[in-house]
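S.K.: Protein chains in written order, with our numbering: chain F, 331 to 657; chain W, 2 to 452; chain C, 20 to 364.
Note that beta-carbon positions come from the ideal geometry of N, C-alpha and C, so glycine has one too.
Here it is: the structure, laid out below.
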Amino acid sequence: MRENHVLLEIQDLKKHFPIRGGILSRVVGSVKAVDGVSFAIKKGEVLGLVGESGSGKTTVGRTLLRLIEPTGGRILFEGRDITDLPKDKLRPYRRRMQIIFQDPFSSLNPRMTVGDIIAEPLIIHGLGKTPQERTERVAELLKLVGLSPDHMRRYPHEFSGGQRQRIGIARALAVAPEFIVADEPVSALDVSIQAQVVNLLQDLKEELGLTLLFIAHDLAVVEYISDRVAVMYLGKVMEIASSRELYRNPKHPYTEALLSAVPIPDPTVKRERIVLQGDIPSPINPPSGCVFRTRCRYALPECAQVVPELKEVSPGHYKACIRDDIL
Amino acid sequence: MRASAAKTPQSQSLTQVALRQFRKHPLAVWGLRILLVLYTFALFAGFFTPYDPNYYELYPPKGHHPPTRIHFVDPETGKLSRPFVYATKRSIDPVSLQPRYEEDPSQGKFYLRFFVRTPDQPYTILRVFRSDLRLFGVDPPGRIFLMGTDNFGRDLYSRLVYGGQVSLTIGILSALVSFVLGLVLGGIAGYFSGRPFALSLPLRAWRGRGWLLGPLSWAIWGGLALGALYLAWTYYSLTGLGVLQLLAAGVALWFAFFLLKTLPFRPLLLDPDNLIMRLVEIIAAIPTLFLLISLRAVFPTNIDPLFTFYLVVGLLGFIGWGGLARVVRGIVLSVREMDYVQAARALGASDARIIARHVLPATASYIIVSLSLTIPGFILGESGLSFLGLGVTEPYTSWGLLLQAAQQGGFASFVDRPWVLWPGFFIFVSIMAWNFVGDGLRDAFDPRRRR
Amino acid sequence: MPEGVRMDEKRLLEVRDLKVHFFTDDGVVKAVDGVSFHVDKGETLAVVGESGSGKSVTALSIMRLIPTPPGRIVGGEILFRGKDGEVRDLARLSEAEMRRIRGNDIAMIFQEPMTSLNPVYTVGDQIAEAIMLHQGKSRKEAMELAAHMLDLVGIPEPKKRLANYPHQMSGGMRQRVMIAMALSCNPSLLIADEPTTALDVTIQAQILELMKKLQEEIGMSILFITHNLGVVAEMADRVVVMYAGRAVEEADVVPLFKDPLHPYTRGLLHSVPRLDLAAEHKERLEAIPGNVPNPLYLPSGCAFHPRCKHYVEGLCDREVPPLEGTGDGRQVRCVRWREIREVRA
Chain F
331 MRENHVLLEI QDLKKHFPIR GGILSRVVGS VKAVDGVSFA IKKGEVLGLV GESGSGKTTV
391 GRTLLRLIEP TGGRILFEGR DITDLPKDKL RPYRRRMQII FQDPFSSLNP RMTVGDIIAE
451 PLIIHGLGKT PQERTERVAE LLKLVGLSPD HMRRYPHEFS GGQRQRIGIA RALAVAPEFI
511 VADEPVSALD VSIQAQVVNL LQDLKEELGL TLLFIAHDLA VVEYISDRVA VMYLGKVMEI
571 ASSRELYRNP KHPYTEALLS AVPIPDPTVK RERIVLQGDI PSPINPPSGC VFRTRCRYAL
631 PECAQVVPEL KEVSPGHYKA CIRDDIL
Chain W
2 MRASAAKTPQ SQSLTQVALR QFRKHPLAVW GLRILLVLYT FALFAGFFTP YDPNYYELYP
62 PKGHHPPTRI HFVDPETGKL SRPFVYATKR SIDPVSLQPR YEEDPSQGKF YLRFFVRTPD
122 QPYTILRVFR SDLRLFGVDP PGRIFLMGTD NFGRDLYSRL VYGGQVSLTI GILSALVSFV
182 LGLVLGGIAG YFSGRPFALS LPLRAWRGRG WLLGPLSWAI WGGLALGALY LAWTYYSLTG
242 LGVLQLLAAG VALWFAFFLL KTLPFRPLLL DPDNLIMRLV EIIAAIPTLF LLISLRAVFP
302 TNIDPLFTFY LVVGLLGFIG WGGLARVVRG IVLSVREMDY VQAARALGAS DARIIARHVL
362 PATASYIIVS LSLTIPGFIL GESGLSFLGL GVTEPYTSWG LLLQAAQQGG FASFVDRPWV
422 LWPGFFIFVS IMAWNFVGDG LRDAFDPRRR R
Chain C
20 MPEGVRMDEK RLLEVRDLKV HFFTDDGVVK AVDGVSFHVD KGETLAVVGE SGSGKSVTAL
80 SIMRLIPTPP GRIVGGEILF RGKDGEVRDL ARLSEAEMRR IRGNDIAMIF QEPMTSLNPV
140 YTVGDQIAEA IMLHQGKSRK EAMELAAHML DLVGIPEPKK RLANYPHQMS GGMRQRVMIA
200 MALSCNPSLL IADEPTTALD VTIQAQILEL MKKLQEEIGM SILFITHNLG VVAEMADRVV
260 VMYAGRAVEE ADVVPLFKDP LHPYTRGLLH SVPRLDLAAE HKERLEAIPG NVPNPLYLPS
320 GCAFHPRCKH YVEGLCDREV PPLEGTGDGR QVRCVRWREI REVRA
């Protein structure tokens with residue numbers, strides 16, 4: 331069922347974390363973690379969300395699940411606005427949207443057995459009436475993610491990082507969700523294990539018809555799993571395009587630099603590298619105009635004045651840059 | 002697929018790992034053994050003691066009797082014999098006017114007997130099981146005082162064991178009271194930190210349940226504001242105008258004005274974290290002993306002894322919860338942000354479920370450790386109170402009370418009858434034992450200290 | 020102390036059959052179990068491996084910074100040629116002698132730039148301290164040199180930055196400071212333990228460029244510990260691949276990437292997502308099945324055999340294969356490397 335309809339859409343999503351200071355803990359400023367992000371994910375699609383630390387990609391993931399309350403903007407799930415739904419009305423949606431975490435060590439409660447961890451969503455949503463039914467379902471889920479049902483009675487600390495990540499995936503799948511936010515699911519794993527988890531997610535996506543938001547800082551991993559990729563920098567989307575298009579034909583200077591910064595595992599490949607100067611600016615006080623202009627090698631004086639809109643440069647390829655004469 | 006999972010020999014929960022670790026801590030294991038012995042004695046006090054703690058004879062008086070000497074060698078034959086004691090004769094030292102006791106072999110030997118019955122002095126275990134079977138004793142009129150007697154001639158050893166019942170249980174009970182308070186208040190402070198409770202509903206939130214709760218909250222707060230105004234007015238009308246009256250009126254007016262200004266437009270917000278932690282700080286800022294004494298002073302001294310016991314438990318518990326609450330809050334604050342709690346939220350779990358399944362269990366190991374480390378403090382606190390005469394009263398006894406009795410003869414009493422210091426020794430031993438156990442538990446639960 | 024240990028003239032460091040074991044409650048963890056390699060003057064040797072491979076423990080052993088207990092160097096030699104030309108066995112030096120080597124002859128930079136700088140001292144104080152300690156310079160001279168070092172690692176306004184505290188700097192800046200500190204005493208060997216793992220790609224690119232530039236200017240040797248094959252390809256002259264406490268393959272960087280001999284090296288290279296391949300090859304990653312083994316319960320024989328697709332029962336799971344020379348200056352620890360190579364050719 332590959333329909334062309336949009337499953338999830340965010341419009342101008344904003345999340346500003348207040349900074350309190352002084353004796354009276356007044357709000358003295360805010361961290362603009364996410365500052366006006368819009369995109370839509372079609373059913374059955376994998377959208378990759380790439381960015382460096384501080385780009386706000388994790389906050390986007392958590393805000394659209396309403397784990398963090400947005401400061402502004404709208405979140406639409408199947409066209410329904412869920413931005414302001416109260417807790418009890420949100421619960422049915424919780425079943426349909428799930429999350430996989432980055433850190434396989436803090437994402438599982440160390441005091442619960444693996445069986446209990448995976449059964450918890452079933453209990454919360456009243457799936458599987460009897461303990462026996464639940465045990466069966468847990469065994470099924472463990473097999474689905476490539477673990478053995480015998481592992482049910484073990485504790486998380488007895489597993490390696492990759493296995494824990496599989497347990498986390500099984501927990502997310504327990505409620506049979508349609509949409510999953512995978513928040514850097516492989517960045518804490520060993521190289522040889524990363525590939526396993528990426529492949530597992532790919533298989534599950536095919537098998538269960540999942541829609542994924544795949545958040546990562548590793549551009550190479552994202553390319554393998556994503557249909558489309560969005561690049562974020564300092565709380566804003568710089569570029570969105572289909573995976574193939576973005577990697578082969580990046581239109582935004584930041585994407586270009588990001589791609590060239592990734593070391594290639596082949597000593598014979600020699601290429602000219604664009605080394606970005608300086609650090610990522612503070613999201614408390616981002617540069618005016620285009621947030622990337624302070625490190626951009628194509629920056630013009632106008633870049634400081636105009637906040638570039640995300641505009642279509644070729645079909646399905648959007649970029650937020652006022653310069654059309656480059657790249 | 003040959004790829005096998007990590008072959009760990011058996012599945013172990015974190016608790017099992019900690020227990021295994023605990024056994025590797027020799028001091029802690031010894032502490033635990035000592036505590037087991039102490040608590041067994043306290044539980045079966047009647048069985049392990051030869052006399053009722055309040056039993057004494059008017060004639061012949063036995064006040065300040067030294068520990069009875071137990072003979073293992075028969076002086077007549079010079080051979081080993083069954084252990085026995087002699088009866089004693091009392092005289093008064095002409096210089097110090099203190100009683101002196103000398104062995105009197107003329108009354109014959111009184112053999113030490115085991116599992117004797119004393120129908121005249123029955124006892125109960127836990128106030129339920131009646132018995133009169135005692136581990137050891139000698140036939141009257143012989144007496145066995147393992148640790149001497151007090152000024153009335155009551156057996157100090159028996160009193161010590163019974164005193165241990167009070168001192169040792171007060172430690173645990175007070176710890177439990179402070180544990181409940183600390184856990185609940187610390188938990189609330191931590192979990193709801195930054196999510197203030199709304200204590201009233203502004204007009205525009207009057208929908209659904211708000212039609213009931215909104216006016217209700219207004220009524221309560223409006224009532225409070227009027228009450229404050231009324232109090233200020235009465236204060237003024239009773240005492241006339243003065244600086245204090247002006248101040249009171251000012252505060253009341255400000256309060257009323259603030260409420261009237263806020264209620265219709267904004268909810269009254271109260272961050273429980275703020276409230277509870279300020280309370281903890283206030284309690285912590287008052288010296289403990291001073292606070293204990295002042296709180297105790299609120300209640301009369303001539304109340305039922307049993308009530309006094311619970312009162313002491315309550316007081317100690319009330320004073321001790323602050324530290325625990327502070328740490329529980331810290332743990333809860335950090336656990337609240339853990340990914341597994343976020344995962345539970347993403348699954349739509351309720352606050353109650355998250356607290357019960359994820360947050361509270363995370364504090365368990367800390368609480369166990371903290372409890373075992375605070376119990377000695379409570380034992381000391383009880384001793385201190387009893388020593389000052391504000392704690393447990395007769396006919397109950399406790400180690401603190403016994404120590405207080407010990408120092409009644411002034412410093413000379415320690416020289417004349419050093420055995421009265423035994424309770425001090427037991428306080429010391431039990432506190433050391435608890436501390437060792439606490440240390441051991443802390444190391445066992447702390448992965449960084451694992452060797 | 021064995022005097023007159025011999026070592027090839029061009030070698031700076033030679034590790035021979037190093038064994039580092041950790042004695043824990045659950046048993047003995049053989050974190051490093053017979054590892055040998057050498058670093059020549061001016062070259063960069065990369066040690067690659069996943070978690071539990073023993074690569075970091077190897078690095079720490081050279082610095083003699085293994086937490087003892089539970090860890091202990093139970094065997095092997097670490098021969099190092101000091102600035103004075105004398106060859107010493109670091110595994111047997113006294114702590115006092117070792118202190119003179121650390122920082123002065125061998126310097127180390129760590130993964131976490133947050134925790135490896137002391138938050139209560141200024142950056143200048145921390146760099147100057149090392150200089151005063153090893154070179155006996157006055158505080159003023161040391162501060163001047165510190166400013167020079169900051170300039171060298173590309174920190175703008177170095178004089179001003181000396182007065183900064185670590186928390187006032189970004190992660191990339193802090194790693195630059197760490198490098199400045201490490202290089203301030205002109206070490207002949209720099210051990211870099213995952214120096215870019217905690218950094219963003221754009222910052223990683225900056226730091227790698229910087230390290231290459233500095234090596235050209237100063238001429239020190241680098242022992243580069245990493246799990247990132249891309250970084251290896253970029254930085255290394257020679258590579259040692261480690262798995263479960265042993266070196267499984269050693270080769271120059273180009274042949275290693277072109278023609279990996281050990282099945283693990285091959286698997287690793289194939290499981291890495293690559294940006295440089297054409298999109299047609301990007302359907303699926305070739306993952307190595309199974310898990311990184313628990314160091315307490317290592318598989319018998321070749322530790323990689325449960326995950327290896329060339330596994331032969333009775334052959335691979337019996338004895339630990341020896342590290343074999345292949346004739347062209349490479350070494351591989353696999354009993355079947357010849358067959359595997361032929362099959363592929």
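Quick one, are the C-beta atoms of Gly498 of chain F and Ser556 of chain F less than 8 Å apart?
M.R.: For the purposes of this step, residue 498 of chain F is taken as residue 168 along the first sequence, with counting starting at 1. For the purposes of this step, residue 556 of chain F is taken as residue 226 along the first sequence, with counting starting at 1. The Cβ-Cβ distance between Gly498 of chain F and Ser556 of chain F does not fall below 8 Å.
S.K.: Starting from the N-terminal side, write out each stretch of the alpha helix (DSSP H) that is 4 residues or longer and does not extend beyond the stretch 89-118 of chain C.
M.R.: none
S.K.: Please report whether the beta-carbon of Pro203 of chain W lies at a distance below 8 Å from any beta-carbon of chain F.
M.R.: Taking the first residue of the second sequence as position 1, residue 203 of chain W is located at position 202. Judged by the 8 Å Cβ criterion, Pro203 of chain W is not in contact with chain F.
S.K.: Kindly list the residues whose CB is nearer than 8 Å to the CB of Met2 of chain W, restricted to its own chain and excluding five residues on each side of it in sequence; keep chain order.
M.R.: The count along the second sequence starts at 1 and reaches residue 2 of chain W at position 1. Unreliable positioning characterises Met2 of chain W in this predicted model, as indicated by a pLDDT of 34, which lies under 50. A coordinate reading is not provided.
S.K.: Less than 8 Å between the CB atoms is what I'm expecting for Lys295 of chain F and His335 of chain F, so what's the real figure, rounded?
M.R.: A question about residue 295 of chain F goes unanswered here, because the residues of chain F that appear run from 331 up to 657.
S.K.: Would you call Ala253 of chain W buried or exposed, if buried means 16 or more other Cβ atoms sit within 10 Å of its Cβ?
M.R.: As a position in the second sequence, residue 253 of chain W is number 252, starting the count at 1. With 16 or more Cβ atoms within 10 Å of its Cβ, Ala253 of chain W is classed as buried.
S.K.: What residue range does the beta strand (DSSP E) around Val511 of chain F cover?
M.R.: By 1-based counting over the first sequence, the position of residue 511 of chain F is 181. Start and end: Phe509 to Asp513.
S.K.: What is the rounded straight-line gap between the Cα of Asp453 of chain W and the Cα of Arg91 of chain C?
M.R.: Because chain W here runs from 2 to 452, residue 453 of chain W falls outside it and cannot be looked at.
S.K.: In whole angstroms, give me the CA-to-CA distance for Tyr311 of chain W and Val527 of chain F.
M.R.: The residue you call residue 311 of chain W lines up with position 310 of the second sequence. The residue you call residue 527 of chain F lines up with position 197 of the first sequence. Those two C-alpha atoms are separated by around 59 Å.
S.K.: Out of C:Lys74, C:Gly344, C:Ala65 and C:Asp59, which has the shortest C-alpha to C-alpha gap to Ala50 of chain C?
M.R.: Counting from one through the third sequence, the residue named residue 50 of chain C turns up at place 31. The candidate whose alpha carbon is nearest that of Ala50 of chain C is C:Lys74.
S.K.: Mind pulling the chain F residues with CB within less than 9 Å of Val250 of chain C?
M.R.: Counted from its first residue, the third sequence places residue 250 of chain C at position 231. Per Cβ cutoff of 9 Å: Pro593 and Pro595.
S.K.: Using a cut-off of 7 Å between C-beta atoms, extract the partners of Val322 of chain F located in chain C.
M.R.: Here chain F covers residues 331 to 657 and nothing more, so residue 322 of chain F does not appear.
S.K.: For the ligand NAP, is there any heavy atom lying closer than 7 Å to the beta carbon of Ile368 of chain W?
M.R.: As for the ligand NAP, it is missing from this structure, which has no ligand bound.
S.K.: Please decide whether Thr134 of chain C counts as near chain F, where near means a Cβ-Cβ distance under 8 Å.
M.R.: Indexing the third sequence from 1 puts residue 134 of chain C at position 115. Judged by the 8 Å Cβ criterion, Thr134 of chain C is not in contact with chain F.
S.K.: Nearest by alpha-carbon distance to Val311 of chain C: which of F:Ile412, F:Phe509, F:Phe489 and F:Asp480 is it?
M.R.: Here residue 311 of chain C refers to the residue found at position 292 when the third sequence is read from its first residue. That would be F:Phe489, whose Cα lies nearest to the Cα of Val311 of chain C.
S.K.: Applying the 10 Å Cβ sphere with the 16-neighbour rule, what's the burial state of Ser618 of chain F?
M.R.: Position 288 of the first sequence, counting from 1, holds the residue named residue 618 of chain F. Answer is exposed; the Cβ neighbour count stays below 16.
S.K.: Compare the C-beta of Tyr534 of chain F with all C-beta atoms of chain C and state if any pair is closer than 8 Å.
M.R.: As a first step, residue 534 of chain F is located in the first sequence; it is residue number 204 there, counting from the start. Reading off the sequence shown, one finds Leu at residue 534 of chain F, where the question assumed Tyr. No - not a single Cβ of chain C is within 8 Å of the one on Leu534 of chain F.
S.K.: Does chain B have any CB closer than 8 Å to the CB of Asp655 of chain F?
M.R.: Absent from the structure is chain B; the protein chains it does hold are F, W and C.
S.K.: In terms of residue numbering, what span does the alpha helix (DSSP H) encompassing Glu236 of chain C cover?
M.R.: Taking the first residue of the third sequence as 1, we reach residue 236 of chain C at position 217. Counting along the chain, the alpha helix (DSSP H) containing Glu236 of chain C begins and ends at Val220 to Ile237.
S.K.: Check the C-beta distance from Val58 of chain C over to Leu98 of chain C and give it rounded, since I have them as a contact under 8 Å.
M.R.: In the third sequence, the residue the question calls residue 58 of chain C occupies position 39. In the third sequence, the residue the question calls residue 98 of chain C occupies position 79. Not quite, the Cβ-Cβ distance comes to about 11 Å (not below 8 Å), so this is no contact.
S.K.: Whose Cβ in chain W lies nearer than 8 Å to the Cβ of Asp433 of chain F?
M.R.: Indexing the first sequence from 1 puts residue 433 of chain F at position 103. Those are Asp340, listed as they occur along chain W.
S.K.: Quick one: Cα of Pro197 of chain W to Cα of Leu229 of chain C, how far?
M.R.: Along the second sequence, read from residue 1 onward, the residue named residue 197 of chain W stands at position 196. Along the third sequence, read from residue 1 onward, the residue named residue 229 of chain C stands at position 210. Computed Cα separation, rounded: 50 Å.
S.K.: By how many angstroms is the C-alpha of Val367 of chain F removed from the C-alpha of Lys344 of chain F?
M.R.: As a working mapping, residue 344 of chain F is identified with position 14 in the first sequence. As a working mapping, residue 367 of chain F is identified with position 37 in the first sequence. If you take the alpha carbons of Lys344 of chain F and Val367 of chain F, they lie about 7 Å apart.
S.K.: According to the neighbour-count rule (16 or more other Cβ atoms, all chains shown, within 10 Å of its Cβ), is Lys159 of chain C buried or exposed?
M.R.: Here residue 159 of chain C refers to the residue found at position 140 of the third sequence. Label assigned to Lys159 of chain C: exposed.
S.K.: Determine, using beta carbons only, whether Pro273 of chain W comes closer than 8 Å to chain F.
M.R.: Within the second sequence, the letter at position 272 stands for residue 273 of chain W. No, its Cβ sits nowhere closer than 8 Å to a Cβ of chain F.
S.K.: Please give me, in chain order, every unbroken run of the alpha helix (DSSP H) with length at least 4 that falls completely inside the stretch 253-324 of chain W.
M.R.: Qualifying alpha helix (DSSP H) stretches, in chain order: 273-286 and 289-299.
S.K.: Out of C:Glu96, C:Ala201, C:Gly104 and C:Ala110, point me to the one whose CA is closest to Val142 of chain C's CA.
M.R.: The count along the third sequence starts at 1 and reaches residue 142 of chain C at position 123. Measuring from the Cα of Val142 of chain C, the nearest candidate turns out to be C:Ala201.
S.K.: Since Gly492 of chain F meets chain C, which of its residues come closer than 7 Å, beta carbon to beta carbon?
M.R.: Numbered from 1 along the first sequence, position 162 holds the residue referred to as residue 492 of chain F. Asn310, listed in chain order.
S.K.: Checking contacts by CB at 8 Å: is Leu438 of chain F closer than that to chain W?
M.R.: Counting from one through the first sequence, the residue named residue 438 of chain F turns up at place 108. Chain W contact via Cβ: present.
S.K.: Using the three-state DSSP reduction, which class does Lys535 of chain F fall into: helix, strand or coil?
M.R.: The residue you call residue 535 of chain F lines up with position 205 of the first sequence. Correct three-state label for Lys535 of chain F: helix.
S.K.: In terms of residues, what are the limits of the beta strand (DSSP E) holding Glu375 of chain F?
M.R.: Numbered from its first residue, the first sequence carries residue 375 of chain F at position 45. Unbroken run through Glu375 of chain F: none, as it is neither H nor E.
S.K.: Please report the residue range of the alpha helix (DSSP H) in which Tyr485 of chain F lies.
M.R.: In the first sequence, residue 485 of chain F corresponds to position 155, counting from 1. In the DSSP assignment, Tyr485 of chain F falls outside any alpha helix (DSSP H) and carries neither an H nor an E.
S.K.: Looking at the structure shown, is Gln432 of chain F part of a helix, part of a strand, or coil, going by DSSP?
M.R.: Mapped onto the first sequence, residue 432 of chain F falls at position 102. Three-state result, Gln432 of chain F: coil.
S.K.: Starting from the C-beta of Leu290 of chain W, find all residues in its chain whose C-beta is less than 7 Å away, skip the five residues before and the five after it, and write them out in chain order.
M.R.: Within the second sequence, residue 290 of chain W is the residue found at index 289, counting from 1. Contacts found: Gly385.
S.K.: Report buried or exposed for Phe437 of chain W, applying the criterion of at least 16 other Cβ atoms within 10 angstroms of its Cβ.
M.R.: Sequence index remark: in the second sequence, residue 437 of chain W carries index 436 (1-based). Answer is buried; the Cβ neighbour count reaches 16.
S.K.: Would His397 of chain C count as contacting chain F if we go by Cβ distances under 8 Å?
M.R.: In the structure displayed, chain C extends from 20 to 364; residue 397 of chain C sits before or after that span and is not available.
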